[in-house]
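Asker: Take a look at this one; I'll ask things after.
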Amino acid sequence: MSLGSDYFDVCIVGASIAGNYLAFLLSNSNLKIAVLEDHSEIGLPFQCAGIISQKLTQLIELPKDIILNRVKTAKIVSSTGKYIKLSGDEHPYIIDRIALDRLYYHRVENNRNITYYLGEKYKSFEYRSDNDKEYVLIETSKRNIQTRMLIGCDGPLSSVGKQLNVKNNVLYASQIRIKADFDEDEAAMYFDPRWKQLFGWIVPEGNRIFRIGIAASKNVNNCFKRYIEKLAIDIDNKIDQQGGIIPYGIMNKISFDNIMLLGDSACQVKATTGGGIIMLLTAAKYASNCVNLCFKNEDFSKEFIKKHYEKPCSTTIGRELKLHYFIRLILEKFKAKDFETFFTIIKENRIEHLITLYGDMDFPKALIIKLLRKRTVLNFILKFLVRNPTIIFKILKLFF
Ligand SMILES: Cc1cc2nc3c(=O)[nH]c(=O)nc-3n(C[C@H](O)[C@H](O)[C@H](O)COP(=O)(O)OP(=O)(O)OC[C@H]3O[C@@H](n4cnc5c(N)ncnc54)[C@H](O)[C@@H]3O)c2cc1C
2 MSLGSDYFDV
12 CIVGASIAGN
22 YLAFLLSNSN
32 LKIAVLEDHS
42 EIGLPFQCAG
52 IISQKLTQLI
62 ELPKDIILNR
72 VKTAKIVSST
82 GKYIKLSGDE
92 HPYIIDRIAL
102 DRLYYHRVEN
112 NRNITYYLGE
122 KYKSFEYRSD
132 NDKEYVLIET
142 SKRNIQTRML
152 IGCDGPLSSV
162 GKQLNVKNNV
172 LYASQIRIKA
182 DFDEDEAAMY
192 FDPRWKQLFG
202 WIVPEGNRIF
212 RIGIAASKNV
222 NNCFKRYIEK
232 LAIDIDNKID
242 QQGGIIPYGI
252 MNKISFDNIM
262 LLGDSACQVK
272 ATTGGGIIML
282 LTAAKYASNC
292 VNLCFKNEDF
302 SKEFIKKHYE
312 KPCSTTIGRE
322 LKLHYFIRLI
332 LEKFKAKDFE
342 TFFTIIKENR
352 IEHLITLYGD
362 MDFPKALIIK
372 LLRKRTVLNF
382 ILKFLVRNPT
392 IIFKILKLFF
């Protein structure tokens, strides 16, 4: 290994959606930016169900060819096969995830201030100082890089995070793409105590192709087999198969001296659905604003980054992510009977159409308030909590 020592103002680790979008947001700043990516091709391996709420187009300009399909209803199925269908104004996008990852890369790849190092692994960092200027020295698999700011966009098993003692709890996912006969306008979620930390999904990609997957904290292959049996699909007809890791919990600490975490590395992921894209796109805007302020004020301290990055994230997506985790804690304890009682309440109160599931599920505060205003829903939740007092302690710990 020949070690040079290159200087960049900012070094982003990870060229997936978080890293590329942040590089794009910073592309007009005149900062010299390095982006390190372990894989030699952006967007691969493909590891996503690709369902994203309509908020996506409020956050970014989405080229039409990235949208493969839209869904009109969400079907929620209990372990005994009872189900409810929710619909509303929200028609989530089913996207071409590889193309989304490449979108911002292609927008900045010719920018003379931005250098991509593909097929190069970030290994570790050290704090250094030179004439009272703190900087970070990074070792990659091919070189040393000096930088004022290191940004870990390196996913759920973040090496940057690990060195900062930030560790995500994770779920393991397995997914196939297959031609099948499900409803092309509908996304389905199958709940089951065997994979209680999330659910099994069916996402219609279009052209009669469906992304069928599951995430669980252990025995994912076994769970996936059971799930496929449940759906009565012949796995031998699959087009291809993907794996993946989903972080699980609430947002991590994300600011450190000269360093920030963004995206899955920061656990900016909804504990209800495993979806991270809306959250990380929102956080990336705060991150880019903070980077610009750090250089303007020559202040790279943890306190400054906390004020201009972590705080805005905490008061927006951070709060909502806590609510997602709160809902997840409840759903994990839901038995088939609880699902059925809940379905009955929704139907009797005619609130299937009130809940625009994916839209509200990015920012569930409004949905929770809407639901708890219904006395039957409130009574049901209170009775459920009395039956499951351990959740109350977890919830108190979460919010106080
Ligand atoms: C099976 C599955 C289904 C999902 N479905 C959805 C969905 O439907 N909707 C949704 O919104 N979200 C979904 N998600 C979550 C979504 O994919 C993530 O939130 C999103 O990819 C996070 O982007 P990121 O850029 O933070 O991290 P990642 O996409 O994990 O990218 C991290 C990048 O860093 C690189 N890297 C890692 N370590 C190093 C290193 N040491 N050196 C250099 N490079 C490194 C990796 O190669 C990778 O390119 C799903 C996730 C999985 C696994």
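Using my numbering, the letters of the sequence shown correspond one by one to residues 2 to 401.
Where a beta carbon is used, it is the ideal one built from N, C-alpha and C, also for glycine.
Note that the structure is a prediction, hence the values are computed from the model and not measured.
1) Between G245 and the rest of its own chain, which residues show a CB-CB distance below 6 Å, the 5 nearest in sequence each way excluded?
2) Return helix, strand or coil for Y183, following the three-state DSSP convention.
3) Could you pull out every residue in the same chain whose Cβ sits closer than 6 Å to the Cβ of L409, ignoring the five residues on either side in sequence?
4) Let me confirm a value: F400 is counted as buried when at least 16 other C-beta atoms fall within 10 Å, else exposed. Which label applies?
5) Express the C-alpha separation of N132 and E321 in angstroms, rounding to a whole number.
6) Give me the DSSP bridge partner(s) of V78.
7) Out of curiosity, what's the CA-to-CA distance linking G82 and L383?
8) Measure the CB-CB distance between A75 and L87 and report whether it falls below 8 Å.
9) Does ligand 1 have even one heavy atom less than 7 Å from the beta-carbon of S266?
10) I need the DSSP call for M252, collapsed to helix, strand or coil.
11) Apart from the five residues just before and just after D10, which ones in its own chain have a Cβ nearer than 8 Å to its Cβ?
12) Please find out if some non-hydrogen atom of ligand 1 comes closer than 7 Å to the beta-carbon of I146.
13) Quick check on V14: does DSSP put it in helix, strand or coil?
14) Can you tell me whether D10 sits near ligand 2, meaning its C-beta is under 7 Å from at least one heavy atom of the ligand?
15) What did DSSP end up calling R388 once you bin it into helix, strand or coil?
16) Compute the minimum distance between the beta carbon of D90 and the heavy atoms of ligand 1, and state whether it is under 7 Å.
17) Use the C-beta contact count for R376: other C-beta atoms within 10 angstroms, 16 or more gives buried, fewer gives exposed.
18) How far does the beta strand (DSSP E) with Q147 in it extend, from its first residue to its last?
19) I240 to G319, Cα distance in whole Å?
20) Any idea what DSSP makes of M2, helix, strand or coil?
21) In whole angstroms, what separates the C-alpha of Q243 from that of I215?
22) Cβ of H40 versus every heavy atom of ligand 1: is any distance shorter than 7 Å?
23) For a test of your reading of the model: does the CB of L37 fall under 7 Å from any non-hydrogen atom of ligand 1? Yes or no.
Answerer: Here's the rundown:
1) Cβ within range, chain order: Q48, A174.
2) Looking at the sequence itself, residue 183 is Phe, so the reference to Tyr does not match. In the structure shown, the three-state DSSP call for F183 is coil.
3) In this structure the chain extends from 2 to 401, so residue 409 is not present and cannot be described.
4) Exposed, because fewer than 16 other Cβ atoms sit within 10 Å of the Cβ of F400.
5) The straight-line gap separating the alpha-carbon atoms of E321 and N132 is approximately 42 Å.
6) Paired residues: Y84, Y191.
7) If I take the Cα positions, the gap works out to 25 Å.
8) Yes, the Cβ-Cβ distance between A75 and L87 is below 8 Å.
9) Judged by the Cβ position, S266 qualifies as a neighbour of ligand 1 at the 7 Å threshold, a heavy atom of the ligand being closer than this.
10) Under the three-state reduction of DSSP output, M252 falls in the coil class, being neither helix nor strand.
11) Within the same chain, L32, K33, I34, T148, R149, M150, F296 come within 8 Å of D10 by CB-CB distance, once the 5 residues on both sides are set aside.
12) Checking the Cβ of I146 against ligand 1 gives no.
13) In the three-state reduction of the DSSP assignment, V14 falls in the strand class.
14) Looking for ligand 2 in the displayed structure turns up nothing; the ligands present are ligand 1.
15) Helix, per DSSP.
16) Outside the cutoff, so no.
17) Exposed is the call here.
18) Q147: member of the beta strand (DSSP E) spanning 145-153, first to last residue.
19) One C-alpha to the other measures close to 37 Å.
20) Since pLDDT at M2 reaches only 38, below the 50 mark, its modelled position is unreliable, and the value read off the structure follows with that caveat. It is coil, neither helix nor strand.
21) Looking at the two C-alpha atoms, the distance is approximately 11 Å.
22) Within the cutoff, so yes.
23) It does: the Cβ of L37 is within 7 Å (strictly closer) of some heavy atom of ligand 1.
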